[in-house]
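Remarks on the structure that follows.
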Amino acid sequence: MSAYSITEPSRRQKWIAGTLVILYALITMAPLAWIFLTGFKSPPDSISYPPKVVFTPTLEGYVNLFTTRSRQTREYLDSLGPARTWYEEIVRKREMVIAGPSKFGERFKNSVIIGFGSTFLSVFLGTLAAYGFSRFKVPLKDDLMFFILSTRMMPPIAVAIPIFLMYRSLGLSDTHLGMILLYTAVNISLAVWLLKGFIDEIPIEYEEAALIDGYTRLQAFYKVVLPQAATGIASTAIFCLIFAWNEYAFALLLTSGTAQTAPPFIPTIIGEGGLDWPAVAAGATLFLLPVLVFTILLRKHLLRGITFGAVRK
Amino acid sequence: MATNDTPLERIARATPDSLAGRVGGLGDRAIAWIFIAPTIVLLLAINIFPLIWTINLSFTNYRANRLTLGSEYVGLRNYERILTDPDIWHNMQVTAHFLFWTIFFQVLIGFALAWLINRNFRGNAFWTTVIVLPMMLSPAVVGNFWTFLYQPQIGLFNYVVSFFTGVDPASFQMIGSVRLAPWAIVIADTWMWTPFVMLICLAGLRSIPGYIYEAAEIDRASKWRQFWTITIPMVLPFLMLAVLFRGIENFKMFDLVVELTSGGPGSTTELASINLKREAFEKWRTGYSSAFAIILFVTVFGLANIYVKALNRVKSR
Chain A
2 MSAYSITEPS RRQKWIAGTL VILYALITMA PLAWIFLTGF KSPPDSISYP
52 PKVVFTPTLE GYVNLFTTRS RQTREYLDSL GPARTWYEEI VRKREMVIAG
102 PSKFGERFKN SVIIGFGSTF LSVFLGTLAA YGFSRFKVPL KDDLMFFILS
152 TRMMPPIAVA IPIFLMYRSL GLSDTHLGMI LLYTAVNISL AVWLLKGFID
202 EIPIEYEEAA LIDGYTRLQA FYKVVLPQAA TGIASTAIFC LIFAWNEYAF
252 ALLLTSGTAQ TAPPFIPTII GEGGLDWPAV AAGATLFLLP VLVFTILLRK
302 HLLRGITFGA VRK
Chain B
3 MATNDTPLER IARATPDSLA GRVGGLGDRA IAWIFIAPTI VLLLAINIFP
53 LIWTINLSFT NYRANRLTLG SEYVGLRNYE RILTDPDIWH NMQVTAHFLF
103 WTIFFQVLIG FALAWLINRN FRGNAFWTTV IVLPMMLSPA VVGNFWTFLY
153 QPQIGLFNYV VSFFTGVDPA SFQMIGSVRL APWAIVIADT WMWTPFVMLI
203 CLAGLRSIPG YIYEAAEIDR ASKWRQFWTI TIPMVLPFLM LAVLFRGIEN
253 FKMFDLVVEL TSGGPGSTTE LASINLKREA FEKWRTGYSS AFAIILFVTV
303 FGLANIYVKA LNRVKSR
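From first to last, the protein sequence lines are chains A and B. The first sequence begins at 2 in this note's numbering and counts up one residue at a time. The second sequence begins at 3 in this note's numbering and counts up one residue at a time.
Shown next, in the form of structure tokens:
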């Protein structure tokens, strides 16, 4: 960076480059902004032509997302007396009453449980294995590392057939434990590859010093190596969490009720008429939001994570 | 042990017996295996065992929805039928079209963006983070939402197209028409994954030391020539890595497209994975679909291996 004298881009060049990139960024954000806005529209507004950018915001989408409703006659609605809560009032306006909570809350909770469970397990196992591969002479090390990576190349549907059969006979289908184990198995390749890179970067001299000071191997591992690897472990964990959070194919095929996560569920919110886009948008917004936050936290390690540690900056 | 000569082992040998006792509570080799074994066991149980099971099933006519019926060994018949099935070749063609055009656009736009960002204008780090967002999101949820954007008349995409071209927004259906649907999935995938290629290209561009350009400048090489003889060759290994990742991922593509078009209309966007899901979990032809799965896996694994060899050759050049 220091000797940039003749190759540093001119001010004009920078201005043009900046404008083009910002233009692209705005275009690429448009669909996301549209999801966000649609969540606050009323169903008629969401399907109006031309598409509405200015509209009266309403929480109807969010109310519809979290409730199931039933249509009632005018007489019945009049006999009920005034609505007691703001969300009941929104529903009443459509000549409906709230019949109960929807399944969205449950599905979201499943995503959280399975996401965090599998993340914890993959990072735990991944850290151990990465340390083993990084610091010890392991026979066939390169082959084992490649084997671990190659498990990621299988199309999920291809593995899903026998896993479906296996889980059916073990009673693991549609359970949290089954999904946690499965996502751990998928994520472990990423965890081992990323963490090995991070641990490789910690100078071995630190441990040697600790060993000379009388620490055992295990003590040196958790008192010296783990604190040094904390950032790496944290960013690996976020990558695993995002993957488990977003995963769709296995969730679609192996879960149906108890353990179903949000991704296969959200498209079904659309309802019978196929018109309740605000509720879908509301669900999508709530589901995508945590990932946006995590991406911003991760931005420094993003490149490393998406390439399994092959490219470091 | 004596042949091993890592610094740690030298220390272990040099330490007095009392200390060695504590260090050796667990030998290094034992620790290494205790640390690595759980991962390997998990992968064997949930990846390799199922894979072997799939291979086994692929030689049978087993159907997973009929528990009472047994299964027979049918030899290579499943493989024979798949390789001669025109529908499967149609899926492969659809997959190839999808692969080629998504990679083409993502490389083109991704590289251009990286090149622009590398001009280091003010705020480039912020805008890079903004651009990267789509690829971190759930493909299924994104695919589902793109169906909304693609709605004729009410959808934002059709509206924007009509705004700029004057075509009636109700006159074309991105996901309902045989001609446009293959492009609908290419557009959505490109929107989602261009940042991936961009990030890797950017790392490549930033890895080129400035003095090379300075030397070229002194030699009076034109900017155009510098681009083709310095920038492109130096970024190529990175670009090829990005293509490898996108190639594998898009060959396996399922979530985004299944939510977007679910293979339709007809089977115009039915990628290999989508048909595989139909055969395995809707028609329940478990044996047949297992053979299909094995063929897909061997294809992606084989192609990736050939590609990695080419990549290494470029790298070592």
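Idealized CB from N, CA, C, for every residue including glycine.
Among the options, nearest to residue i - alpha-carbon criterion
| i | options | result |
| --- | --- | --- |
| residue 190(A) | 260(A), 214(A), 119(A) and 25(A) | 119(A) |
| residue 61(B) | 78(B), 218(B) and 144(B) | 78(B) |
| residue 119(B) | 94(A), 23(A) and 56(A) | 23(A) |
| residue 136(B) | 32(A), 81(A), 249(A) and 183(A) | 32(A) |
| residue 213(B) | 107(B), 175(B), 233(B) and 260(B) | 233(B) |
| residue 34(B) | 99(A), 16(A), 249(A) and 132(A) | 132(A) |
| residue 237(A) | 200(A), 224(A) and 269(A) | 200(A) |
| residue 16(A) | 121(B), 43(B) and 281(B) | 121(B) |
| residue 311(B) | 278(B), 206(B) and 242(B) | 242(B) |
| residue 240(A) | 228(A), 220(A), 192(A) and 224(A) | 192(A) |
| residue 84(B) | 309(B), 315(B) and 294(B) | 294(B) |
| residue 108(B) | 73(B), 197(B), 29(B) and 93(B) | 197(B) |
| residue 92(B) | 184(B), 139(B) and 158(B) | 184(B) |
| residue 111(B) | 191(B), 181(B) and 80(B) | 191(B) |
| residue 41(A) | 58(A), 139(A), 87(A) and 242(A) | 58(A) |
Residue i classed as buried or exposed, judged by whether at least 16 other C-beta atoms fall within 10 angstroms
| i | result |
| --- | --- |
| residue 100(B) | buried |
| residue 202(B) | buried |
| residue 197(A) | buried |
| residue 304(B) | exposed |
| residue 288(A) | buried |
| residue 2(A) | With a pLDDT of only 43 at residue 2(A), under the threshold of 50, the placement of this residue in the model should not be trusted; the figure read from the coordinates follows. It is exposed - the Cβ of residue 2(A) has fewer than 16 other Cβ atoms within 10 Å. |
| residue 307(B) | exposed |
| residue 319(B) | exposed |
| residue 297(B) | buried |
| residue 51(A) | exposed |
C-alpha gap between residue i and residue j, whole angstroms
| i | j | result |
| --- | --- | --- |
| residue 181(A) | residue 277(A) | 32 Å |
| residue 164(B) | residue 160(A) | 43 Å |
| residue 292(B) | residue 257(B) | 20 Å |
| residue 91(A) | residue 203(A) | 58 Å |
| residue 10(A) | residue 200(B) | 20 Å |
| residue 175(A) | residue 265(A) | 13 Å |
| residue 54(A) | residue 295(A) | 28 Å |
| residue 209(A) | residue 301(A) | 30 Å |
| residue 155(B) | residue 61(A) | 23 Å |
| residue 108(A) | residue 65(A) | 15 Å |
| residue 285(A) | residue 193(B) | 17 Å |
| residue 149(B) | residue 125(B) | 33 Å |
| residue 142(A) | residue 251(A) | 30 Å |
| residue 36(A) | residue 226(A) | 43 Å |
| residue 146(A) | residue 161(B) | 49 Å |
| residue 81(A) | residue 171(A) | 50 Å |
| residue 131(B) | residue 293(A) | 10 Å |
is_contact[residue i, chain B] using C-beta, thresh 7 Å
| i | result |
| --- | --- |
| residue 48(A) | yes |
| residue 229(A) | no |
| residue 220(A) | no |
| residue 85(A) | no |
| residue 294(A) | no |
| residue 15(A) | yes |
| residue 35(A) | yes |
| residue 258(A) | no |
| residue 186(A) | yes |
| residue 210(A) | no |
| residue 288(A) | yes |
| residue 29(A) | yes |
| residue 152(A) | yes |
| residue 304(A) | yes |
Contact with chain A by residue i, beta-carbon distance below 7 Å
| i | result |
| --- | --- |
| residue 155(B) | yes |
| residue 160(B) | no |
| residue 272(B) | no |
| residue 267(B) | no |
| residue 210(B) | no |
| residue 143(B) | yes |
| residue 163(B) | no |
| residue 221(B) | no |
| residue 34(B) | yes |
| residue 194(B) | no |
| residue 56(B) | yes |
| residue 264(B) | no |
8 Å contact criterion, which residue i and residue j should meet: CB distance rounded
| i | j | result |
| --- | --- | --- |
| residue 229(A) | residue 249(A) | In fact, because the Cβ distance is near 36 Å, the residues do not count as touching under 8 Å. |
| residue 68(A) | residue 102(A) | 6 Å |
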